[in-house]
Structure formats: C-alpha cells, structure tokens
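Step one of this worksheet: look at the structure below.
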Amino acid sequence: MSNASPAVVTESAYLTLHYRLAGADGTDIVTTFGTNPATLMLGQGQLAPFLEERLLGMAEGEHKTFTLSPLDAFGERNPELLQWVSKATLDENSVPGADYKAGDLVDFAAPGGGRFAGMLREMRDDAALFDFNHPLAGQSLHFEVKLISVL
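Throughout the sequence shown, residue numbering follows the UniProt record's numbering, covering 1 to 151 in sequence.
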C-alpha cells in the first residue's frame with residue numbers, strides 16, 4: 001500500500017482530462033465528456049490561459065466546476081471593437097469575391113502577416129460593420145474538469 005500523494009498540476013504538466021466549457025445557461029460550447037478525454041501540455045496554448053490557471057494545483061483524480069465571470073473569461077464586450085470597414089479594405093484583406101452575410105465570421109489579413117477575425121454585423125454597398133470582440137466576450141461561463149492523469 002502506497003502513501004504517495006497524487007500528482008498535482010504544475011505550469012508545464014502533461015495532462016489527460018475531461019473538460020466542458022458551457023454558457024451561463026448550461027449549453028455546452030465544447031465538451032469531451034462522453035467522448036475520448038483530451039491530452040495536452042499546459043503552457044502550449046491548447047487551452048486559454050484563464051482555463052489553465054484553474055487547473056494549477058489540482059490533484060490527479062479531482063473533479064471540479066468553476067464559474068467564470070466575463071472578466072475572468074474572455075472579458076467584457078468592448079464597444080470600440082465594433083468597427084466599420086470599407087468595402088475596398090474588406091475585398092483587399094479577405095477572401096476575394098466572397099459573398100458575406102450578417103453573422104459570418106470573416107478572417108482578415110493583418111499588417112505583418114498575421115490574421116484576425118470579426119463577426120459581420122451589417123453589410124452596406126460601401127462598408128461593413130464588424131464586431132471584433134471575442135464571440136464569448138461579455139458572457140459568464142462554466143468550466144468543468146475531471147483530471148484523469150498528471151505527468
């Protein structure tokens with residue numbers, strides 16, 4: 001019989017776990033429960049940093065649920081991130097000839113070779129209104145974790 005303590009999650013731990021991220025109403029956004037567990041290494045960007053923070057210090061075998069306020073998750077919605085983009089800029093920095101509709105997530109080329117995305121809210125002949133907030137900004141979330149193993 002062993003008296004060894006269970007392994008604990010550290011900043012560079014390799015984990016196998018089930019997790020679920022759900023909206024405040026309980027609707028699943030993503031879940032591994034009922035399917036294969038996820039295997040990941042902390043600090044590699046596989047989970048959002050605020051989710052990784054909740055895992056630190058958890059012991060192998062633990063099962064926890066966290067409620068995250070918008071500030072603890074993807075932040076509050078920022079009205080300054082609602083911006084009009086000229087039709088010329090849209091055509092130049094997105095998929096040429098695409099037939100975008102309100103509700104589409106549009107991927108843009110950014111200066112320096114990066115990419116960013118915005119949700120199309122309104123399309124006019126000469127411009128389009130985009131919301132560059134994260135789609136989950138302003139929402140409270142539930143994060144459930146069942147930690148299977150820690151290496």
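Beta carbons are placed, not taken as given, at the ideal position from N, Cα and C, and that holds for glycine.
Owing to the predicted nature of the structure, the values given are computational and were not obtained by experimental measurement.
To the nearest angstrom, how far is it from the Cα of residue i to the Cα of residue j?
{"i": "L90", "j": "G112", "result": "17 Å"}
{"i": "Y14", "j": "S86", "result": "45 Å"}
{"i": "E62", "j": "V150", "result": "11 Å"}
{"i": "G103", "j": "T35", "result": "30 Å"}
{"i": "F50", "j": "L71", "result": "10 Å"}
Cβ of residue i within 9 Å of Cβ of residue j?
{"i": "G43", "j": "E53", "result": "no"}
{"i": "A73", "j": "L136", "result": "yes"}
{"i": "S140", "j": "A48", "result": "no"}
{"i": "N93", "j": "N133", "result": "no"}
{"i": "T10", "j": "L40", "result": "no"}
{"i": "L105", "j": "L17", "result": "no"}
{"i": "V8", "j": "M58", "result": "yes"}
{"i": "H142", "j": "T67", "result": "yes"}
{"i": "K101", "j": "M119", "result": "no"}
Could you name the residues of the same chain whose beta carbon sits closer than 6 Å to that of residue i, not counting the 5 residues immediately before and after it, in chain order?
{"i": "E144", "result": "R20 and T65"}
{"i": "W84", "result": "A127 and L129"}
{"i": "G75", "result": "A137"}
{"i": "A117", "result": "L105 and D107"}
{"i": "Q46", "result": "L40"}
Using a Cβ-Cβ cut-off of 7 Å (strictly less than) and excluding sequence neighbours within five positions of residue i, which residues of its own chain qualify?
{"i": "L81", "result": "D131, F132 and N133"}
{"i": "S69", "result": "S140"}
{"i": "G97", "result": "none"}
{"i": "P6", "result": "A59, E60 and G61"}
Can you list, in chain order, the residues of its chain with a C-beta nearer than 8 Å to that of residue i? Leave out the 5 residues immediately preceding and following it.
{"i": "R115", "result": "D107, F108 and A109"}
{"i": "I29", "result": "L21, A22, G23, L136 and L141"}
{"i": "S12", "result": "M41, L42 and G43"}
What beta strand (DSSP E) runs, 3 residues minimum, are completely inside the stretch 35-69? 38-41 and 63-68
Every unbroken beta strand (DSSP E) within the stretch 97-125, with a cutoff of 3 residues, ordered by chain: 105-109 and 115-123
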